[in-house]
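Quick look at the structure:
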């Protein structure tokens with residue numbers, strides 16, 4: 015294919031202005047084709063992305079200009095493969111920007127975000143390209159099921175991106191997309207700054223918050239930490255997110271209404287498993303009711319312990335459980351009920367040993383072989399690389415483990431791809447490069463990184479996503495691995511959590527780092543008994559955040575027009591929490607101004623997905639238990655039915671094929687001890 019003059023000019027300009035070749039512009043002669051981080055400079059990203067955009071434009075023009083009648087190969091598959099350079103550089107850039115974001119990186123991100131948004135809009139608002147896609151969509155009879163799913167996905171993306179709007183509305187739609195991209199990036203940057211400010215003020219990182227609140231005996235300090243934590247992005251400073259949230263919601267709602275949807279929730283849920291806001295609301299309401307019934311029992315148990323502290327003169331008469339007391343007194347109750355103290359368990363769960371357990375489980379269940387790959391370069395010295403192989407020795411992919419906190423990393427934990435899995439036109443199976451990012455405490459000079467029970471589950475959770483990416487056997491990027499409906503994707507990460515504390519798995523990784531002694535059966539039993547402890551609180555804060563997310567996205571334009579300032583946003587939260595039945599001692603897991611999932615990470619009107627997927631993953635795990643937890647045939651069926659398929663089939667079709675029945679909603683309540 016001839017390169018357009020603009021691309022040649024860009025390449026010539028790059029060569030003329032530097033004495034080195036931009037590493038993104040050449041083939042990577044590295045182990046497994048991974049990124050040569052020793053050669054990549056921050057200044058390389060912008061020119062590579064801009065040239066990538068130009069090359070993708072050329073690819074699209076070649077599709078449009080094809081004189082042959084549109085078919086899957088010359089239109090849909092070509093579209094799926096377009097922008098090879100852009101995918102290559104953005105796969106590195108966006109991952110580094112999330113986990114190693116310097117001021118220079120953030121500046122480039124802010125500059126390029128609207129440019130990338132505009133480039134995407136040019137493709138998915140191109141009438142000539144859409145006509146070719148539509149022609150294939152309307153004649154899918156001879157396609158494979160995977161090809162049909164890919165075609166339908168692209169067709170619907172055009173529709174939801176405003177291809178049916180007139181020119182004036184399309185221009186406005188593009189303008190909104192660009193502004194939303196900027197606002198989301200700004201929200202995330204503000205939150206990162208607020209997280210660092212929290213650390214400076216309280217002396218702990220955001221990821222250490224629950225540990226601190228559990229162990230801190232000074233009630234005044236707990237109150238200070240709670241108020242600082244829960245007010246992130248809501249401090250009236252230059253990092254305040256209130257105005258950003260309101261503008262995001264107004265723009266999302268405007269877009270939805272332009273396409274004929276009443277609100278952004280209806281727009282965003284179209285195409286998901288749940289399909290509409292009413293289904294989600296109906297799903298969440300009984301979970302919230304069960305959670306709050308349990309939480310009230312938990313509060314009563316904690317108040318009894320607090321009353322003992324009052325009698326001992328440690329607290330003033332009349333003290334009641336407050337939000338900043340919950341972690342602290344819940345831990346006291348757990349010690350009384352289960353004689354379990356996480357200070358006892360942590361020495362058995364160092365970050366390295368837990369990683370060993372995660373890998374052992376993948377081997378025992380799916381036969382995978384995982385070994386460290388020191389020959390693979392990493393983007394930060396604290397990151398480790400691994401080679402993932404199938405039982406027959408064939409390469410499945412390369413895995414980066416980025417586990418520890420640092421100032422340049424946003425909070426939370428996630429999985430992402432540096433490179434997606436797909437099959438080239440010549441039949442080459444390109445294997446993925448995947449990262450798990452967490453915010454675990456780093457080792458000190460005297461002790462290794464030790465994880466809480468919750469953090470152990472997080473490690474298994476994120477590797478569950480990675481398994482979905484590594485085991486996929488799809489031909490097209492758009493349906494490969496975790497490219498599935500948002501309310502389906504968490505099924506596989508949460509499914510993997512079930513293995514974390516199985517005795518056979520623990521026996522191979524949970525050893526006291528000081529003595530090498532395996533975790534005793536008595537402690538394993540305590541962990542098992544305690545896993546359903548405090549589930550009223552844990553389910554309640556998760557469900558409350560899910561409902562808050564929905565309530566924001568169910569607002570109409572006229573509702574949003576009534577918001578005037580930060581206080582009106584706060585009052586909205588208060589009102590919705592009261593309506594959902596959330597007790598005063600619990601707040602949503604994420605308040606609006608630090609709800610990164612829905613304002614910067616693609617979970618808009620989708621945070622319910624964790625609970626929705628839990629029904630699926632728990633029901634599937636119960637099937638494992640019924641058939642024999644390590645039954646190789648069941649594991650192979652799970653792998654072939656789900657993990658290999660990616661998004662190449664409808665989620666419920668896959669679930670029925672594996673389970674032989676519809677998912678049982680009661681599985682979630684049983685799993686959480688809320689029945």
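Residue numbers (this note's numbering): 15 to 689. In this text, a Cβ means the ideal position worked out from N, Cα and C, and glycines have one as well.
For residue i, the residue or residues it bridges with in DSSP
i	result
residue 464	364
residue 454	418
residue 528	The partner list for residue 528 (beta bridge, DSSP) is empty, contrary to what the question assumes.
residue 444	436
residue 429	450
residue 413	400 and 448
residue 385	401
Reference residue i; option with closest CA among the options
i	options	result
residue 134	114, 156, 184 and 56	184
residue 381	445, 357 and 484	484
residue 132	67, 479, 79 and 113	67
residue 499	241, 508 and 663	663
residue 233	325, 574, 340 and 247	340
residue 604	93, 569 and 555	555
residue 519	368, 609, 581 and 531	368
residue 160	492, 629 and 620	492
residue 563	355, 550 and 583	583
residue 416	404, 409 and 399	399
residue 89	153, 59 and 33	153
Cβ-based burial, residue i [other Cβ within 10 Å; buried from 16]
i	result
residue 686	buried
residue 461	exposed
residue 588	exposed
residue 481	buried
residue 350	exposed
residue 665	buried
residue 259	buried
residue 229	exposed
residue 309	buried
residue 296	exposed
residue 142	exposed
residue 24	Confidence at residue 24 is low in this model, with a pLDDT of 42, below 50, so the placement of that residue should be treated as unreliable; the coordinate-derived value is given next. Residue 24 is buried by the Cβ-count criterion.
residue 504	buried
residue 708	Lying before the first or after the last residue shown, residue 708 is absent from the chain, which here runs from 15 to 689.
residue 221	buried
residue 395	exposed
residue 681	buried
residue 439	exposed
residue 26	Residue placement at residue 26 is flagged as unreliable, the pLDDT there being 39, under the threshold of 50; the coordinate-derived value follows with that caveat. It is exposed - the Cβ of residue 26 has fewer than 16 other Cβ atoms within 10 Å.
residue 52	exposed
residue 497	buried
residue 679	exposed
residue 463	buried
CB contact flag (residue i, residue j, <9 Å)
i	j	result
residue 311	residue 344	no
residue 656	residue 638	no
residue 479	residue 428	yes
residue 112	residue 517	no
residue 371	residue 522	yes
residue 280	residue 290	yes
residue 209	residue 425	yes
residue 545	residue 467	yes
residue 129	residue 194	no
residue 54	residue 146	no
residue 558	residue 248	no
residue 730	residue 293	With the chain covering only 15 through 689, there is no way to say anything about residue 730.
residue 231	residue 338	no
residue 86	residue 165	yes
residue 378	residue 407	no
residue 1	residue 105	Outside the displayed range of the chain (15 to 689) lies residue 1, so it cannot be described from this structure.
residue 571	residue 271	yes
residue 346	residue 306	no
residue 335	residue 320	yes
Whole-number beta carbon distance between residue j and residue i, since they are thought to touch under 8 Å
i	j	result
residue 267	residue 277	6 Å
residue 537	residue 359	7 Å
residue 205	residue 261	With a Cβ gap of about 16 Å, residue 205 and residue 261 do not count as contacting.
residue 560	residue 622	4 Å
residue 430	residue 109	6 Å
residue 553	residue 688	6 Å
residue 495	residue 660	5 Å
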